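Below: one structure, written as structure tokens.
Number of protein chains: 2
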Amino acid sequence: MGMGRPRAFDADAALDQAMEVFWRHGYEGATIAQLTEAMHINPPSLYAAFGSKEGLLKAALDRYSEKRDAWMEKVLGAPTAREVAERFLMEHADAQTDPANPPGCLLVQGGLACGTGSANVPFELAARRNHTEDQLRERFVEAKAQCDLGDGAEPASLARYLSAVVSGMCVMASSGASRDALREIAMVSLKAFDEQSKG
Amino acid sequence: MGMGRPRAFDADAALDQAMEVFWRHGYEGATIAQLTEAMHINPPSLYAAFGSKEGLLKAALDRYSEKRDAWMEKVLGAPTAREVAERFLMEHADAQTDPANPPGCLLVQGGLACGTGSANVPFELAARRNHTEDQLRERFVEAKAQCDLGDGAEPASLARYLSAVVSGMCVMASSGASRDALREIAMVSLKAFDEQSKG
DNA sequence: CCACATTTGTAGTGAACACTACAGATCGTC
DNA sequence: GACGATCTGTAGTGTTCACTACAAATGTGG
């Protein structure tokens, strides 16, 4: 029995293009026509490979998460909690204003509030954002066990704070904030981290 | 000459309902059917009064800004810059988790990234967010002139930082963060403000 | 070379969208 | 009370949306 005609496009490369469209226009703002044009495929190929528009988003998010995890590994590998926070903030400032990508972050620009037909999209994005926060918190728990953080420092609070700041930077980036502006926010945020991690 | 049949609905009350729909579902996710149902009017009444879906959003934003300005006056009226920052952050934490409204803030949940047909909606929202940041900065400029802020403190930097934090809290609120969680973020953020305002 | 399985491009499908034509209703004015 | 003007409700309009039927194309296994 034959194995069928082989796929004529590279799925990962196509997902990178889809990611960019979702990122720039949001889930609801992105149309199948825009997606297929960017991916250089026709609708039937999209639906055969990913099932639906939402399936495509999840596949794009999976690919996004892969890159993000590799990036987070570098951040979490910093020797001290303070340096983890600094890298996390500064790298975010740079990534969110990287001209190679749309401004901000797919996990925020993708859609915070959606119509009734796409109600689970914001949940999906939130789950991925929470994952990053979880990684930070675990790293800070570890740091505290090693006395790299003060006794009064709360890993959950610190992780949530950093998570909120980078989400806020996404909002600023989407309205045209410069890299320097985001870096300045990052530097100010670090002061709070320093104060709070002493306690 | 006659003055025509009078309008049978209260425009401000209708705008309050529209505001809630845009807030919960975002600009693109909100449909005319949902809006007219919430406003208790029919499409022709909506279009006669507001011109278009985007016109309705702007009218709703104008009404939102009215309430916001009254609220900001209270915040900016605090005696010291430090108290302005504290009120701004804490009141935001409460407002964004007020069960009377959808989570977050209309100026963020309304839409950060939209489709090509609604490309100016994110700009419109960003302009209103910037207005709040401008108000904060001016207040801090004033505070610095009165030696209520240290010589090294930069009003623009402080205002931008606070603006970013509340935007981040919007993102967290939209994914279900509790009031206490947001208050904790606010308290941590204040430490950065304190450190930065000394300089 | 011949079944068979899968993909591809063309060309649509029904549904939902923002928006509106139209006729009847309700006002102020003459 | 008739008139001009504006609003209201019904019932649509054309367009765009996500999605797909179908047949030709292209691969594998026998």
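Protein chains in written order, with numbering that gives the first Met the number 0: chain A, 0 to 198; chain B, 0 to 198.
Using N, Cα and C, we set each Cβ at its ideal position, and we do this for glycine too.
As the structure is a computational prediction, the values presented were derived from the model and not from experiment.
Chain B partners of A/H24, CB-CB under 8 Å?
-> To locate residue 24 of chain A, count along the first sequence from 1; it is residue 25. Contact note: A/H24 reaches chain B through A112, C113, G114 and T115, using a C-beta cutoff of 8 Å and chain order.
Would you identify the three-state DSSP class for B/P5, choosing helix, strand or coil?
-> Walking along the second sequence from the start, residue 5 of chain B turns up at place 6. In the structure shown, B/P5 sits in coil (DSSP, three-state: anything other than H, G, I, E or B).
How about B/M112 and A/S173: are their beta carbons less than 8 Å apart?
-> What you label residue 112 of chain B is simply residue 113 of the second sequence in a count that begins at 1. What you label residue 173 of chain A is simply residue 174 of the first sequence in a count that begins at 1. Note on identity: in this sequence residue 112 of chain B is Ala, with Met being the wrong assignment. Cβ atoms of B/A112 and A/S173: closer than 8 Å.
Distance, A/V120 Cα to B/G167 Cα | Translated into the one-based positions of the second sequence, residue 167 of chain B becomes position 168. Translated into the one-based positions of the first sequence, residue 120 of chain A becomes position 121. Straight-line Cα distance between these residues: approximately 19 Å.
Buried or exposed for A/M2, please, with buried defined as at least 16 other CB atoms from any protein chain shown within 10 angstroms of its CB.
-> Taking the first sequence and counting its residues from 1, one reaches residue 2 of chain A at position 3. By the 10 Å Cβ count, A/M2 comes out exposed.
Ranges of the alpha helix (DSSP H) found wholly within the stretch 121-198 of chain A, counting only runs of at least 4 = The stretch 121-198 of chain A contains these whole alpha helix (DSSP H) runs: 154-173 and 178-197.
In whole angstroms, what is the alpha-carbon distance linking A/H91 and B/R4?
-> Residue 91 of chain A sits at position 92 when you count from the first residue of the first sequence. Residue 4 of chain B sits at position 5 when you count from the first residue of the second sequence. Looking at the backbone, the Cα of A/H91 and that of B/R4 are separated by about 57 Å.
What is the DSSP secondary structure of A/I31, counted as helix, strand or coil?
-> For the purposes of this step, residue 31 of chain A is taken as the residue at position 32 of the first sequence. Helix, per DSSP.
Going along chain B in order, which residues have a C-beta closer than 7 Å to the C-beta of A/A32?
-> Along the first sequence, one-based indexing puts residue 32 of chain A at 33. Neighbours of A/A32 on chain B: none; closest Cβ ~10 Å, over 7 Å.
Neighbourhood of A/T35 by C-beta distance below 7 Å, restricted to the same chain and skipping five residues each side | Stepping through the first sequence from its first residue, residue 35 of chain A is reached at position 36. Closer than 7 Å at the Cβ level, and outside the excluded window around A/T35, lie N41, P42 and L45.
Which residues in the same chain have their Cβ closer than 7 Å to the Cβ of B/L181, if we skip the five residues on either side of it in sequence?
-> For the purposes of this step, residue 181 of chain B is taken as the residue at position 182 of the second sequence. Within the same chain, B/L181 has close Cβ partners A92, Q95, T96, M168, M171 and A172.
Host alpha helix (DSSP H) of A/P98 (start-end) | As a first step, residue 98 of chain A must be located in the first sequence, where it is residue number 99. Careful: A/P98 lies outside any alpha helix (DSSP H) and carries neither H nor E.
Which of the three DSSP states, helix, strand or coil, is assigned to B/S51?
-> Taking the first residue of the second sequence as 1, we reach residue 51 of chain B at position 52. DSSP, read as helix, strand or coil, puts B/S51 in coil.
Does any CB atom of chain B fall closer than 8 Å to the CB of A/A163?
-> In the first sequence, residue 163 of chain A corresponds to position 164, counting from 1. A/A163 counts as touching chain B.
Under the three-state DSSP convention, the category B/A112 falls into = Within the second sequence, residue 112 of chain B is the residue found at index 113, counting from 1. In the three-state reduction of the DSSP assignment, B/A112 falls in the coil class, being assigned neither a helical nor a strand state.
Going along chain B, which residues have a C-beta under 8 Å from A/Y160?
-> Numbered from 1 along the first sequence, position 161 holds the residue referred to as residue 160 of chain A. Within chain B, the residues near A/Y160 are E183, I184, V187 and S188.
State whether the stretch 142-152 of chain A contacts the stretch 49-60 of chain A, with contact taken as three or more CB pairs (one from each stretch) at a distance under 8 Å.
-> With a cut-off of 8 Å, the stretch 49-60 of chain A and the stretch 142-152 of chain A do not count as touching, because too few Cβ pairs lie within range.
Grab me the residues of A/M18's own chain with a C-beta within less than 7 Å of its C-beta, minus the 5 sequence neighbours each way, in chain order.
-> Within the first sequence, residue 18 of chain A is the residue found at index 19, counting from 1. Within the same chain, and ignoring the five residues on either side of A/M18 in sequence, the residues whose Cβ sits closer than 7 Å to its Cβ are A59, R62, Y63 and L105.
In chain B, what lies closer than 9 Å to A/M168 by C-beta?
-> Taking the first sequence and counting its residues from 1, the one referred to as residue 168 of chain A is at position 169. Those are A163, S166 and G167, listed as they occur along chain B.
Are there three or more Cβ pairs, one per stretch, closer than 8 Å when the stretch 187-198 of chain A is compared with the stretch 22-31 of chain B?
-> Segments in contact, no.
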